[in-house]
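The structure appears right after this line, and notes come after that.
There are 4 protein chains.
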Amino acid sequence: MHDGDQGAEPVSRRKDARRNKANLLDAAAAVFVVQGVDAPVREIAARAGVGVGTIYRHFPTRADLIVAVYRHQVDACAEAGPRLLAEGPSPHTALERWIDLFVDFLVTKHGLAAVLQPDAGFDTLHAYFLDRLVPVCGQLLDAAAGAGEIRADIEPYALMRGVGNLCIGADSDPRYDARRLAALLVAGLRHAA
Amino acid sequence: MHDGDQGAEPVSRRKDARRNKANLLDAAAAVFVVQGVDAPVREIAARAGVGVGTIYRHFPTRADLIVAVYRHQVDACAEAGPRLLAEGPSPHTALERWIDLFVDFLVTKHGLAAVLQPDAGFDTLHAYFLDRLVPVCGQLLDAAAGAGEIRADIEPYALMRGVGNLCIGADSDPRYDARRLAALLVAGLRHAA
Amino acid sequence: MHDGDQGAEPVSRRKDARRNKANLLDAAAAVFVVQGVDAPVREIAARAGVGVGTIYRHFPTRADLIVAVYRHQVDACAEAGPRLLAEGPSPHTALERWIDLFVDFLVTKHGLAAVLQPDAGFDTLHAYFLDRLVPVCGQLLDAAAGAGEIRADIEPYALMRGVGNLCIGADSDPRYDARRLAALLVAGLRHAA
Amino acid sequence: MHDGDQGAEPVSRRKDARRNKANLLDAAAAVFVVQGVDAPVREIAARAGVGVGTIYRHFPTRADLIVAVYRHQVDACAEAGPRLLAEGPSPHTALERWIDLFVDFLVTKHGLAAVLQPDAGFDTLHAYFLDRLVPVCGQLLDAAAGAGEIRADIEPYALMRGVGNLCIGADSDPRYDARRLAALLVAGLRHAA
DNA sequence: CATGAATGAGAGTTCATTCAT
DNA sequence: GATGAATGAACTCTCATTCAT
Chain A
0 MHDGDQGAEP VSRRKDARRN KANLLDAAAA VFVVQGVDAP VREIAARAGV GVGTIYRHFP
60 TRADLIVAVY RHQVDACAEA GPRLLAEGPS PHTALERWID LFVDFLVTKH GLAAVLQPDA
120 GFDTLHAYFL DRLVPVCGQL LDAAAGAGEI RADIEPYALM RGVGNLCIGA DSDPRYDARR
180 LAALLVAGLR HAA
Chain B
0 MHDGDQGAEP VSRRKDARRN KANLLDAAAA VFVVQGVDAP VREIAARAGV GVGTIYRHFP
60 TRADLIVAVY RHQVDACAEA GPRLLAEGPS PHTALERWID LFVDFLVTKH GLAAVLQPDA
120 GFDTLHAYFL DRLVPVCGQL LDAAAGAGEI RADIEPYALM RGVGNLCIGA DSDPRYDARR
180 LAALLVAGLR HAA
Chain C
0 MHDGDQGAEP VSRRKDARRN KANLLDAAAA VFVVQGVDAP VREIAARAGV GVGTIYRHFP
60 TRADLIVAVY RHQVDACAEA GPRLLAEGPS PHTALERWID LFVDFLVTKH GLAAVLQPDA
120 GFDTLHAYFL DRLVPVCGQL LDAAAGAGEI RADIEPYALM RGVGNLCIGA DSDPRYDARR
180 LAALLVAGLR HAA
Chain D
0 MHDGDQGAEP VSRRKDARRN KANLLDAAAA VFVVQGVDAP VREIAARAGV GVGTIYRHFP
60 TRADLIVAVY RHQVDACAEA GPRLLAEGPS PHTALERWID LFVDFLVTKH GLAAVLQPDA
120 GFDTLHAYFL DRLVPVCGQL LDAAAGAGEI RADIEPYALM RGVGNLCIGA DSDPRYDARR
180 LAALLVAGLR HAA
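Quick mapping for you: the protein sequence lines, in order, are chains A, B, C and D.
Residue numbering for the first sequence follows numbering that gives the first Met the number 0, starting at 0 and increasing by one per position.
Residue numbering for the second sequence follows numbering that gives the first Met the number 0, starting at 0 and increasing by one per position.
Residue numbering for the third sequence follows numbering that gives the first Met the number 0, starting at 0 and increasing by one per position.
Residue numbering for the fourth sequence follows numbering that gives the first Met the number 0, starting at 0 and increasing by one per position.
In structure tokens:
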């Protein structure tokens, strides 16, 4: 879960460095849960028992850190798309389930949804989400549209952002159930009877 | 708390005080349009030609100010509910139109949607929206449900927040159409075919 | 000595504010003497017994602060030019004496000379010096050239910068006498025998 | 102090070590040209393809590094003194030419002049310049004074520092010609007519 | 010997909020 | 009542220097 290195990046030769990176990711994850992804850099550094410089070395941008922390989960979500499609019973069902997964991910990460906005200063993060998930979402939408289950005029990007938005502030408010609303949104894609 | 200029507040007997308040509201509205509702207090004070202290006197909380600025529009939105219900061909249509109104309101006010969250430190604002709009929304939902057009298991509060969330960041991103997504959400309320 | 307000700026109505600005200038002057004009903002604030914000309010830029602190002395130097010209036995003598004045000013202000450079991030300061002193220097040079005492091909700006440079680090080194060197520079302007 | 690679230092017996050092000097020279002699250590290390630790090993102090980089040129300058004196036509002409050489050296090395100050934290550098050049300058001054061309009361150290100062910030400002001013300074040494 | 990860002091800057006048 | 000066916590980011590997 915690290497966080993208692609073929040379893994550090130093044991402590590697441990540190893992440390960092753990600490950041922990702090993010409590304080949200806007938590002060120092907080995370303190929690990880490292200096702030170390964080900046590994993750020049806050977005880089967030991406690293949640990367595996985003990837898992991306990979789930084709699988759900294969499992059936229908593309629309697959879409429903996949959106559920996405919502779960966002809601359990305190404040993550809020920084998914473009121009919120988290470009790397935004880009990563888009790169990974929009194609998958598009695939699911195409399949469902191709099967005649849903209307064909919705862009995956728009849907992702809509669902993302629905997840903002979804923790900590028992009267608000983001998963439910996301499901309604997906239901709304069906052709009118 | 802090009276918030809500309900039957004794209007100031002094002319200049009233003028000042109006000034303030105009200025705030103008600044909100450009900078969003998070604009620095000083900006608004400067625009109104008053000191920051004056703002704090009239509106102890930023939420109080926002409420005051948009009160008329919220009220108009609230009042539109029954009227649309009376007019429309059907309750569901009325609901669609009303949601449209609400979305328009939120989207045209830069950043307003984002501060509708509970626990965002804008409690007065949140409370006001709830007080005014949730009952109206509930009325529309009940009517539509009573007419057998939609499912009966959605709470007005949840729907309002969902729509509100969908409007976050809706300006400034041409690929994202909040009104469209809100419409899908409402469509999703219909009974499955 | 210490109002530091340029032109017809409305002097603060509040007593404490005025006192504060004076305070600030005194404190800054004191700190500048010890630490040089690059002293940390916090240092100055502490010395003045105010918060850092107060400094930023009054002097958005460090250069603004420096200008304010030394303004009277620059002005005095500027005003001395014509007077010396009127007094002196000859324009060249006036020039010598004036340069002396300038050198004294720079040398007694720890580190001031160094930030006179263009592109050192002290544009306001640089501009102020130029605006005030270059014309005066030009007047003296012209007079001396007109009297046939010196060569006519030296720009006042170049001379000012040269003298300014000569003053860098002139305090704290007993083996280096900036005044002397500046005098040599001026002597070098004379026509070769 | 720290040996600084000065004088008769035992040249490393190991080929790779020597190559490394040469590497370092090349890299530092290249970086100095672009970023000036205050360039971040990391920059130089990266350019040389070594770790920062290696730099610190070879050159404990930044001044040590600068000295090493420019040593040959300083030496060349030192050696030029006697030669120019021998070439004639007069000691004062030799002095002029030699100062020209020195100015050229300083000006073409971005930011070098500024760190020549004593107490700028570049003691090694300052010492090296003094050791090498002050005697040469003294020789030229003595010769010119002996020939009755110039006044006899100027210390070589003072002259060197003056010229050095004149060179500060001389690149990047077309209105300022350090060589010219240095020439004026030297001209000023002549006996008054 | 070389490496480069880690450190952490330190500087700048912003703005909500208070309170003397 | 109105004003706006003052406050200072809070945050980001940089880089010289050390030292484990």
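Heads up, the beta-carbon is just placed ideally off N, CA and C, and yes, glycines get one too.
Predicted model, so just to flag it, every value in this text is computed and none were measured.
- Any Cβ of chain A closer than 8 Å to the Cβ of G110 of chain B would place that residue at the interface, and such an atom is absent.
- C-alpha of V73 of chain B to C-alpha of R178 of chain B: approximately 18 Å in a straight line.
- Under the 8 Å criterion on CB atoms, A146 of chain D is classed as non-interfacial with respect to chain C.
- For the pair A27 of chain D and T107 of chain C, the Cα-to-Cα distance works out to about 36 Å.
- A straight line joining the alpha-carbon of A112 of chain C with that of G35 of chain C spans about 10 Å.
- Here the alpha carbon of S171 of chain B sits roughly 38 Å from the alpha carbon of V40 of chain C.
- Per DSSP, the continuous alpha helix (DSSP H) segment holding R82 of chain B begins and ends at 61–86.
- Using a CB distance below 7 Å, no part of the region 124–137 of chain D faces chain C.
- With fewer than three CB-CB distances shorter than 8 Å, the region 128–147 of chain B does not count as touching the region 155–162 of chain A.
- At a cut-off of 8 Å between beta-carbon atoms, N19 of chain D makes no contact with chain C.
- Inter-residue distance for L84 of chain C and L94 of chain C is about 8 Å (C-alpha atoms, whole angstroms).
- Comparing alpha carbon positions, the residue from B:L184, B:L188, B:R18 closest to V102 of chain B is B:L184.
- For I149 of chain A, the three-state secondary structure derived from DSSP is strand.
- Of B:A79, B:V114, B:I153, B:E148, the smallest CA-CA separation from L100 of chain B is found for B:A79.
- At least one CB atom of chain C sits nearer than 8 Å to the CB of P117 of chain D.
- Around I153 of chain C, the same chain offers L140, L188 as residues with beta carbons nearer than 8 Å, after the five sequence neighbours per side are excluded.
- Exclusion of the five residues before and after D37 of chain C leaves G110 as the residues of its chain whose Cβ lies within less than 7 Å of its Cβ.
- Here E148 of chain B has S89, P90, H91, R189 as same chain residues with Cβ atoms under 7 Å from its own Cβ, once five neighbours each way along the sequence are excluded.
- Taking a beta-carbon distance threshold of 8 Å, E95 of chain D does not count as an interface residue toward chain C.
- For S171 of chain C, the chain D residues whose Cβ falls inside 9 Å of its Cβ are P117, D118, in order along the chain.
- Contact between L132 of chain C and C76 of chain C holds: CB atoms are separated by about 7 Å, below the 8 Å threshold.
- Only Y156, A157, R160, G161, N164, L165, I167 from the region 155–167 of chain C bring a Cβ to less than 7 Å from some Cβ of chain D.
- Residues of the region 64–88 of chain C with a C-beta atom less than 9 Å from some C-beta of chain D do not occur.
- The alpha-carbon of T53 of chain D is positioned some 53 Å away from that of W97 of chain A.
- Around the beta carbon of V32 of chain D, fewer than 16 other beta carbons sit within 10 angstroms, so the residue counts as exposed.
- Any Cβ of chain C closer than 8 Å to the Cβ of G52 of chain D would place that residue at the interface, and such an atom is absent.
- For D37 of chain D, the closest Cβ of chain C is not nearer than 8 Å.
- Of the residues D:E86, D:L124, D:G50, D:N22, the one whose Cα lies closest to the Cα of T60 of chain D is D:L124.
- Contacts with chain D at 8 Å (Cβ-Cβ) include L183 of chain C.
- For R174 of chain D, the three-state secondary structure derived from DSSP is coil.
- Within the DSSP bridge table, the entry for R46 of chain C names no partner.
- Annotated as proximal: F121 of chain A and I65 of chain A, with beta-carbon spacing under 8 Å.
- Rounded to whole angstroms, F104 of chain A and I43 of chain D show a C-alpha spacing of 44 Å.
- Listed along chain D, the residues sitting closer than 8 Å to D176 of chain C by beta-carbon distance are A157.
- For a cut-off of 8 Å, the C-beta gap from V49 of chain C to N19 of chain C is around 6 Å, short enough to register as a contact.
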